[in-house]
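Read through the structure below, which is laid out as structure tokens, and then see the notes.
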Amino acid sequence: MALLPANMIWLIQIAYSLVNAFAGLGAVGISKSVTL
Numbered sequence: 036m037a038l039l040p041a042n043m044i045w046l047i048q049i050a051y052s053l054v055n056a057f058a059g060l061g062a063v064g065i066s067k068s069v070t071l
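What the sequence shown shows, in the working numbering, is residues 36 to 71, in sequence order.
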């Protein structure tokens, strides 16, 4: 991480946040379909 240029760090953080958001939505969708 430290070797990356500064402008890449925020891009990685955004990508990581998006991945976490999609993973969370997927988990919620799975749990909802299981309860239904």
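For glycine and all other residues, C-beta sits at the position ideal for the given N, C-alpha and C.
Alpha-carbon spacing of residue i relative to residue j, whole angstroms
i     : j     : result
Leu53 : Leu71 : 27 angstroms
Met43 : Val63 : 30 angstroms
Ile65 : Leu46 : 28 angstroms
Gln48 : Ser68 : 30 angstroms
Pro40 : Gly59 : 29 angstroms
Tyr51 : Gly61 : 15 angstroms
Phe57 : Leu38 : 28 angstroms
Where the alpha helix (DSSP H) containing residue i begins and where it ends
i     : result
Leu53 : 41-70
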